[in-house]
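Asker: Under my numbering, residues 3 to 658 are what the sequence shown spells out, in order.
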Amino acid sequence: TSLIDGEEKQFHQLLRFAMAVDSGMDLLSERAVLMRESLQKSQTITDNVVSILGSFDSRLSALESAMRPTQIRTHAIRKAHENIDKTLKSAEVILSQFDLLRQAETKVLKGPHEDLESYLEAIAQLRKVIRYFSSNKGFKNSDGVLNHANSLLAKAQSKLEEEFKQLLVSYSKAVEPDRLFDGLPNSLRPSADGEGNGKAHGGHHNDDSETAAYTLPVLIPSRVLPLLHDLAQQMVQAGHQQLLLQIYRETRTFVLEESLRKLGVEKLSKEDVQRMQWEVLEAKIGNWIHFMRIAVKLLFAGERQVCDQIFRGFDSLSDQCFAEVTVSSVSMLLSFGDAIARSKRSPEKLFVLLDMYEIMRELHTEIETIFKGKACLEIRNSATGLTKRLAQTAQETFGDFEEAVEKDATKTAVLDGTVHPLTSYVINYVKFLFDYQATLKQLFSEFGNGDDSNSQLASVTMRIMQALQNNLEGKSKQYKDQALTHLFLMNNIHYMVRSVRRSEAKDLLGDDWVQRHRRVVQQHANLYKRTAWTKILQTSSAQGLTSSGGGSVEGGNSSGVSRGLLKERFKMFNMQFDELHQRQSQWTVPDTELRESLRLAVAEVLLPAYRSFLKRFGPLVESGKNSQRYIKYTAEDLERLLGELFEGKSMNEPRR
3 TSLIDGEEKQ FHQLLRFAMA VDSGMDLLSE RAVLMRESLQ KSQTITDNVV
53 SILGSFDSRL SALESAMRPT QIRTHAIRKA HENIDKTLKS AEVILSQFDL
103 LRQAETKVLK GPHEDLESYL EAIAQLRKVI RYFSSNKGFK NSDGVLNHAN
153 SLLAKAQSKL EEEFKQLLVS YSKAVEPDRL FDGLPNSLRP SADGEGNGKA
203 HGGHHNDDSE TAAYTLPVLI PSRVLPLLHD LAQQMVQAGH QQLLLQIYRE
253 TRTFVLEESL RKLGVEKLSK EDVQRMQWEV LEAKIGNWIH FMRIAVKLLF
303 AGERQVCDQI FRGFDSLSDQ CFAEVTVSSV SMLLSFGDAI ARSKRSPEKL
353 FVLLDMYEIM RELHTEIETI FKGKACLEIR NSATGLTKRL AQTAQETFGD
403 FEEAVEKDAT KTAVLDGTVH PLTSYVINYV KFLFDYQATL KQLFSEFGNG
453 DDSNSQLASV TMRIMQALQN NLEGKSKQYK DQALTHLFLM NNIHYMVRSV
503 RRSEAKDLLG DDWVQRHRRV VQQHANLYKR TAWTKILQTS SAQGLTSSGG
553 GSVEGGNSSG VSRGLLKERF KMFNMQFDEL HQRQSQWTVP DTELRESLRL
603 AVAEVLLPAY RSFLKRFGPL VESGKNSQRY IKYTAEDLER LLGELFEGKS
653 MNEPRR
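1) Taking Cβ positions, are residue 306 and residue 369 nearer each other than 7 Å?
2) If we ignore side chains and look at the alpha-carbon of each, how far apart do residue 555 and residue 591 end up?
3) Return the CA-CA distance between residue 490 and residue 529, expressed in angstroms with no decimal places.
4) Mind checking residue 404: buried by the 16 CB within 10 Å criterion, or exposed?
5) Can you tell me whether residue 649 is helix, strand or coil according to DSSP?
6) When you compare only the Cα positions, how much space is there between residue 81 and residue 66?
7) Between residue 462 and the rest of its own chain, which residues show a CB-CB distance below 8 Å, the 5 nearest in sequence each way excluded?
8) Would you report the Cα separation of residue 282 and residue 275, rounded to the nearest angstrom?
9) For residue 510, which of 433, 604 and 546 has the nearest alpha-carbon?
10) Output the distance between the C-alpha atoms of residue 294 and residue 121, rounded to the nearest integer angstrom.
11) List the endpoints of the continuous alpha helix (DSSP H) containing residue 492.
12) Compare the Cα-Cα distances from residue 361 to each of 339, 346, 379 and 378 and report the closest residue.
13) Please report how far the alpha carbon of residue 611 lies from the alpha carbon of residue 576, in whole angstroms.
14) Tell me, please, which residues DSSP counts as bridged to residue 590.
15) At what residues does the alpha helix (DSSP H) containing residue 358 begin and finish?
16) Taking DSSP as the reference, what is the three-state secondary structure of residue 39?
17) On the DSSP letters alone, give me the boundaries of the alpha helix (DSSP H) that residue 630 sits inside.
18) Using 7 Å as the threshold, is the C-beta distance between residue 585 and residue 647 below it?
19) Who are the Cβ neighbours of residue 345 in its own chain at under 8 Å, not counting the five residues just before and after it?
20) So, with DSSP's three-state summary, where would you put residue 148?
21) Taking one C-beta from the region 529–549 and one from the region 476–486 each time, how about it: are there three or more such pairs within less than 8 Å?
22) Label residue 642 either buried or exposed according to how many other C-beta atoms from any shown protein chain fall within 10 Å of its C-beta, with 16 as the threshold for buried.
23) Let me check understanding here. Comparing Cα to Cα, which of 465, 33 and 622 lies closest to residue 408?
24) In its own chain, which residues sit with a C-beta less than 8 Å from the C-beta of residue 202, not counting the 5 before and 5 after it?
25) What number of angstroms, rounded off, separates the C-alpha of residue 163 from the C-alpha of residue 153?
26) Below 8 Å on the Cβ atoms is my guess for residue 343 versus residue 382; work out the distance and round it to an integer in Å.
27) From 226, 135 and 187, pick the residue whose C-alpha is nearest to that of residue 170; which is it?
28) Going straight from the alpha carbon of residue 167 to that of residue 214, what length do you get?
29) For residue 460, which residues from the same chain have a beta carbon less than 7 Å from its beta carbon, with the 5 sequence-adjacent residues on both sides left out?
30) So residue 473 is in the alpha helix (DSSP H); what residue range does that whole segment cover?
31) Assuming residue 255 is part of the alpha helix (DSSP H), what are its boundary residues?
32) Which first and last residues belong to the alpha helix (DSSP H) in which residue 228 is found?
33) Quick one: give me the first and last residue of the alpha helix (DSSP H) that residue 294 is part of.
34) Where does the unbroken alpha helix (DSSP H) through residue 421 begin, and where does it stop?
35) Between which two residues does the alpha helix (DSSP H) harbouring residue 307 extend?
36) By the 10 Å Cβ neighbour count, where 16 or more other Cβ atoms means buried, how is residue 606 classified, buried or exposed?
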């Protein structure tokens with residue numbers, strides 16, 4: 003039953019679906035009829051439009067046939083007008099070129115002197131005319147026009163070159179020294195007495211010289227430079243670069259050389275330098291330092307500025323011109339420095355070598371900047387080479403000095419045992435070196451063996467001091483009196499110690515060096531005292547005066563003592579003291595503090611011994627006849643006379 007019910011449901015569903023499809027088909031049939039009617043109407047309309055357009059086409063064809071002759075005539079007229087316009091325009095262009103040529107010719111014939119700007123415009127016009135006719139050679143007589151224009155251009159160019167030369171020569175004058183001095187900072191200008199502040203041994207004191215303001219001299223007026231630039235530009239464009247270079251080189255080279263000559267720069271050969279007395283050479287070196295600073299920072303810097311402005315836009319030409327203009331002047335300056343660096347070394351040259359090295363170091367940046375470019379490479383290399391040679395010679399001179407100190411064999415006798423001239427010379431030399439401390443460190447840093455520059459300077463200074471001490475010990479052996487030997491060494495080493503303590507050398511050598519050498523001074527003072535006064539102290543001793551039984555003097559009793567032996571002792575004391583006083587009052591201890599200290603040391607051993615001897619044995623002698631012959635001095639007399647020691651008196655100078 004359930005199966006039958008299911009089939010009945012499916013049948014009813016299919017029946018409903020069939021009814022729905024039948025209804026849809028009716029609707030589609032109605033729409034298809036409507037579309038067929040619309041298409042029929044559209045075809046009718048299309049046929050009507052085609053018919054109308056066909057009638058228009060036949061009419062237009064007839065019209066076109068009627069207008070064709072008119073169109074042909076109109077086209078011909080238009081073409082004729084176009085040809086006429088082109089011809090007129092061509093004629094106008096040609097006429098304008100001839101007009102430009104006439105204008106340019108008038109300006110060229112007048113020359114560039116009165117109106118350079120207009121003259122340069124004329125040259126530009128000529129070039130324009132030449133370009134035009136060169137590209138349009140089909141015109142009648144174009145070759146003739148070109149020949150005329152080229153001839154005019156050549157004449158214009160020649161006048162332009164003459165104008166450049168005349169203008170450059172007219173405004174190229176040697177710079178007077180006063181104008182150069184005005185460009186220096188105040189600290190470097192010559193003083194009222196005519197001496198500059200850049201003399202030898204003075205350059206290193208100008209610590210601000212590198213950063214101080216310099217005012218460049220006006221070598222060529224600023225209003226003229228643009229004119230020269232325009233003229234130079236025309237010459238370069240015309241291909242006359244070599245002629246331009248020649249004119250500039252010949253004119254400006256002479257100006258620079260003459261400016262240096264007026265300043266005082268001389269052309270000196272190595273032989274000239276070798277023949278000069280040291281005082282003359284030293285002054286010339288000081289001047290050279292001043293001249294180098296002026297030449298580089300003012301004269302060459304100003305010339306570079308002029309060169310760059312005239313040849314603006316032509317950098318390689320600017321560099322070449324500048325190099326050729328300055329090379330002889332630079333060579334003249336550097337050759338003197340090179341002659342000094344290669345001359346025979348001597349200790350006194352070290353400081354001027356350091357001064358020269360300093361100025362070359364100071365000017366290094368300016369030289370690299372001013373003499374830039376490939377063309378100036380040789381000049382830069384020459385300056386660098388001189389700096390290195392100066393450094394090398396300074397180092398070698400430094401080493402020579404150490405050796406010269408140790409081997410100094412001067413026979414200068416210092417009879418009074420005072421400070422030897424060699425000692426004061428070496429110490430002053432070392433102190434002077436410390437004015438160049440920064441320079442020496444720079445030198446050691448750049449050209450040393452790689453060690454710390456401070457330690458290198460300390461090492462060299464210690465070696466010099468040791469060389470001096472070794473030499474002094476050798477010189478001290480010339481004295482026959484050992485006491486004077488020790489006094490001499492005491493004086494000289496004390497001078498070394500005191501000088502170091504009062505200078506920058508103390509920081510470099512250190513307290514250890516100072517203390518060690520102070521002990522050496524004290525050792526020689528003690529040795530002097532022992533050597534000079536031991537013998538006389540023995541005469542004022544009771545030793546050898548008492549009897550074999552050991553008796554002593556009591557209350558005037560001479561038991562066990564020989565009055566004759568006592569008189570002999572007093573007589574011997576007087577004789578020895580007179581001799582010591584006479585000799586040692588001629589000796590010298592120049593340092594006041596050391597002199598008083600040494601006198602006190604002698605008094606501390608002599609006076610107590612003499613007082614004791616006089617108190618003990620004096621009454622025995624005084625009780626006899628002519629006692630004043632034997633007891634010549636009181637303790638106070640001795641003290642006063644000891645105060646006369648080490649004064650450096652002459653032999654004939656009376657006692658106080």
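By construction, the Cβ of each residue, glycine as well, lies at the ideal position given by its N, Cα and C atoms.
Answerer: This is what the structure gives:
1) The count along the sequence shown starts at 1 and reaches residue 306 at position 304. The count along the sequence shown starts at 1 and reaches residue 369 at position 367. Contact flag unset, no.
2) Along the sequence shown, one-based indexing puts residue 555 at 553. Along the sequence shown, one-based indexing puts residue 591 at 589. Here residue 555 scores only 44 on pLDDT, less than 50, and its place in the model should not be relied on; the value that follows carries that caveat. Rounded to the nearest angstrom, the two C-alpha atoms are 41 Å apart.
3) Within the sequence shown, the letter at position 488 stands for residue 490. Within the sequence shown, the letter at position 527 stands for residue 529. Straight-line Cα distance between these residues: approximately 12 Å.
4) By 1-based counting over the sequence shown, the position of residue 404 is 402. Under this definition residue 404 is a buried residue.
5) Start at 1 with the first residue of the sequence shown, and residue 649 comes out as number 647. Of the three classes helix, strand and coil, the one that applies to residue 649 here is strand, per DSSP.
6) Residue mapping note: residue 81 aligns to position 79 of the sequence shown, counting from 1. Residue mapping note: residue 66 aligns to position 64 of the sequence shown, counting from 1. When rounded, the distance between both Cα atoms is 21 Å.
7) As a working note, residue 462 is residue 460 in the sequence shown. These residues qualify, in order along the chain: 400 and 404.
8) Within the sequence shown, the letter at position 280 stands for residue 282. Within the sequence shown, the letter at position 273 stands for residue 275. Going by the C-alpha atoms only, they are around 10 Å apart.
9) For the purposes of this step, residue 510 is taken as residue 508 along the sequence shown, with counting starting at 1. It is 433.
10) Numbered from its first residue, the sequence shown carries residue 294 at position 292. Numbered from its first residue, the sequence shown carries residue 121 at position 119. Approximately 42 Å, taken between the alpha carbons.
11) By one-based count along the sequence shown, residue 492 stands at place 490. Segment 484–503, the alpha helix (DSSP H) holding residue 492.
12) Translated into the one-based positions of the sequence shown, residue 361 becomes position 359. Selected option, being the one with the closest Cα: 339.
13) By 1-based counting over the sequence shown, the position of residue 611 is 609. By 1-based counting over the sequence shown, the position of residue 576 is 574. Rounded to whole angstroms, residue 611 to residue 576 spans 14 Å at the Cα level.
14) Along the sequence shown, read from residue 1 onward, the residue named residue 590 stands at position 588. The partner list for residue 590 (beta bridge, DSSP) reads 649.
15) Counting from 1 along the sequence shown, the entry for residue 358 is found at position 356. It spans 351–372 - the alpha helix (DSSP H) in which residue 358 sits, taken as one unbroken run.
16) On the sequence shown, position 37 is the one that residue 39 refers to. DSSP places residue 39 in helix when its eight states are reduced to three.
17) As a working note, residue 630 is residue 628 in the sequence shown. That residue, residue 630, is in no alpha helix (DSSP H); it is neither H nor E in DSSP.
18) The residue given as residue 585 occupies position 583 in the sequence shown. The residue given as residue 647 occupies position 645 in the sequence shown. Against a cut-off of 7 Å, the Cβ pair of residue 647 and residue 585 comes out as no contact.
19) Counted from its first residue, the sequence shown places residue 345 at position 343. If we look at residue 345 and ignore the five residues flanking it on each side, its Cβ neighbours are 272, 275, 276 and 351.
20) Residue mapping note: residue 148 aligns to position 146 of the sequence shown, counting from 1. Note: residue 148 maps to helix in three-state DSSP.
21) yes
22) Working through the sequence shown from its first residue, we reach residue 642 at position 640. By the 10 Å Cβ count, residue 642 comes out exposed.
23) For this step, residue 408 is matched to residue 406 along the sequence shown. Closest by alpha carbon: 465.
24) Within the sequence shown, numbered from 1, the residue matching residue 202 stands at position 200. Any reading at residue 202 must be qualified, since the residue scores a pLDDT of 42, below 50, and its modelled position is unreliable; no value is offered.
25) Position 161 of the sequence shown, counted from the first residue, corresponds to residue 163. Position 151 of the sequence shown, counted from the first residue, corresponds to residue 153. Taking the straight line joining both Cα atoms gives about 16 Å.
26) Counted from its first residue, the sequence shown places residue 343 at position 341. Counted from its first residue, the sequence shown places residue 382 at position 380. At roughly 18 Å, the Cβ-Cβ gap does not stay under 8 Å, so residue 343 and residue 382 are not in contact.
27) Residue mapping note: residue 170 aligns to position 168 of the sequence shown, counting from 1. Among 226, 135 and 187, the Cα nearest to that of residue 170 belongs to 226.
28) Position 165 of the sequence shown, counted from the start, is the residue given in the question as residue 167. Position 212 of the sequence shown, counted from the start, is the residue given in the question as residue 214. Their Cα atoms are separated by approximately 36 Å.
29) Here residue 460 refers to the residue found at position 458 when the sequence shown is read from its first residue. Same-chain partners within the cutoff: 510 and 511.
30) Within the sequence shown, residue 473 is the residue found at index 471, counting from 1. Its alpha helix (DSSP H) spans residues 455–478.
31) The residue you call residue 255 lines up with position 253 of the sequence shown. Residue 255 -> alpha helix (DSSP H) spans 243–265.
32) Taking the first residue of the sequence shown as position 1, residue 228 is located at position 226. Note, residue 228: alpha helix (DSSP H), 227–239.
33) In the sequence shown, residue 294 corresponds to position 292, counting from 1. That run of the alpha helix (DSSP H) goes 280–296.
34) The sequence position of residue 421 within the sequence shown is 419, counting from 1. Careful: residue 421 lies outside any alpha helix (DSSP H) and carries neither H nor E.
35) To locate residue 307, count along the sequence shown from 1; it is residue 305. Taken as a continuous stretch (DSSP letters only), the alpha helix (DSSP H) holding residue 307 covers 303–312.
36) On the sequence shown, position 604 is the one that residue 606 refers to. Exposed is the call here.
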